[in-house]
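For the sequence shown, full-length UniProt numbering assigns the number 1 to the initial residue and increments by one for each residue that follows. Don't be surprised by glycine CBs; every beta carbon is placed ideally from N, CA and C. Okay, structure first, notes after.
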Amino acid sequence: MTLQRMDNVGIVVEDLDAAVAFFAELGMEVEGRMPVEGLFADQAVGLDGVRSEIAMMRTPDGHGKLELAQYRTPPAIADGPRNPPPNTLGLHRVMFAVDDIDDTVSRLRGHGAELIGEVARYEDVYRLCYLRGPSGILLALAERIG
Numbered sequence: 001m002t003l004q005r006m007d008n009v010g011i012v013v014e015d016l017d018a019a020v021a022f023f024a025e026l027g028m029e030v031e032g033r034m035p036v037e038g039l040f041a042d043q044a045v046g047l048d049g050v051r052s053e054i055a056m057m058r059t060p061d062g063h064g065k066l067e068l069a070q071y072r073t074p075p076a077i078a079d080g081p082r083n084p085p086p087n088t089l090g091l092h093r094v095m096f097a098v099d100d101i102d103d104t105v106s107r108l109r110g111h112g113a114e115l116i117g118e119v120a121r122y123e124d125v126y127r128l129c130y131l132r133g134p135s136g137i138l139l140a141l142a143e144r145i146g
């Protein structure tokens, strides 16, 4: 048997509505939203009494997906510093290709995003930056140039 595809990246958030609005502003579309609870959820994630709500977001081409999850019970926990730096071990960030990095940064700032560092140029190929979004989510943007 072989790997079929990467299905999605899951991100636990404090405020599902804010995270959905943030990623919608980026250009992702809500594929579905639903509560998740019951024995199957407890068994799948290895926690007891799971009550959560998820929103599945997809990129406009339909190939990339994020599963945003807000836990009601047991409550989400923060392990380590609130906004860890980009060199922290573990899942690092999610990167998106955009047409206009300046416009995208400006729109996401309206949803609380903070630019980390600055928009940088990699040769004559890309303009790149890191942003911190809702619940401390670290994401990167890349605009192809030249």
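| Item | Value |
| --- | --- |
| May I have the straight-line CA-CA distance separating Phe23 from Thr2, to the nearest angstrom? | 31 Å |
| Can you tell me where the beta strand (DSSP E) with Ala55 in it begins and where it stops? | Arg51 to Arg58 |
| CA-CA distance, residue 148 and Ala97? | Because the chain in this structure spans residues 1 to 146, residue 148 falls outside the shown range and cannot be described. |
| How far does the alpha helix (DSSP H) with Val45 in it extend, from its first residue to its last? | Leu39 to Val45 |
| Among Ala21, Glu25 and Val12, which has the Cα closest to the Cα of Asp103? | Glu25 |
| Taking 8 Å as the threshold (C-beta atoms), are Leu141 and Ile101 in contact? | yes |
| Following the continuous alpha helix (DSSP H) through Val105, name the residue where it begins and the one where it ends. | Ile101 to Arg109 |
| Would you say Leu89 and Ala19 are within 8 Å of each other, going by their C-beta atoms? | no |
| What residue does the beta strand (DSSP E) around Ala140 start on, and which one ends it? | Leu138 to Arg144 |
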